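A short write-up of the structure that comes next.
Numbering (this note's numbering), first residue to last: 3 to 144.
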């Protein structure tokens, strides 16, 4: 997949916390959308909306007590919480919209849409892993 290829070629080594965030981004923005659309194609996708939101609630609960959250505290102080909260919230919203689109597609159209989503997720991941871009994002959130 493009996400793995792109993230694997980064020259500068990002902090672990931002590597985790990039992984969460790929999982939420791509994997969750594809799995949802595969599980409930067509109009059946709407039956997953409640479950999808419960996953979001569970992710929020885990993020609030996760043992590795201290890594983010070291890396970004209070700014990291804003970045993670913003990232997860927007990622979940985007994943649900992507799932709705994918659920109505089949065959080559669906594969092309997944490929485009993969490219977007790869670009987002690259930005998360670039320390200069992360600083700009944190400044914008302030």
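Glycine residues also receive a C-beta, built at the ideal position from the N, C-alpha and C atoms. A quick note: this is a predicted structure, and the numbers were derived from the prediction, not measured.
Please confirm if the region 47-59 is in contact with the region 117-135, defined as three or more CB-CB distances below 8 angstroms between the two stretches.
no
Residue 95 (DSSP reduced to helix, strand or coil)
Helix, per DSSP.
Which residues in the same chain as residue 5 place their Cβ atom closer than 8 angstroms to its Cβ, once the five residues preceding and following it in sequence are excluded?
Confidence is the limiting factor: at residue 5 the pLDDT is only 46, short of 50, which leaves the residue's position unreliable and the question unanswerable from this model.
Go to residue 116, then tell me how far its alpha helix (DSSP H) extends in each direction, as first and last residue.
Residues 109-131.
Going along the chain, which residues of its own chain have a beta-carbon closer than 8 angstroms to the beta-carbon of residue 44, five neighbours each way excluded?
105, 106
Is residue 42 helix, strand or coil by DSSP?
coil
What is the DSSP secondary structure of residue 106, reduced to helix, strand or coil?
Residue state for residue 106 is assigned as coil, using DSSP reduced to three classes.
Would you kindly work out how many angstroms separate the C-alpha atoms of residue 25 and residue 36, rounded to a whole number?
16 angstroms
Given this structure, state the Cα-to-Cα distance separating residue 101 from residue 131, to the nearest angstrom.
25 angstroms
Return the CA-CA distance between residue 113 and residue 129, expressed in angstroms with no decimal places.
25 angstroms
Return the CA-CA distance between residue 60 and residue 97, expressed in angstroms with no decimal places.
16 angstroms
In or out: residue 99 buried (at least 16 other Cβ within 10 Å) or exposed?
Flag for residue 99 reads exposed.
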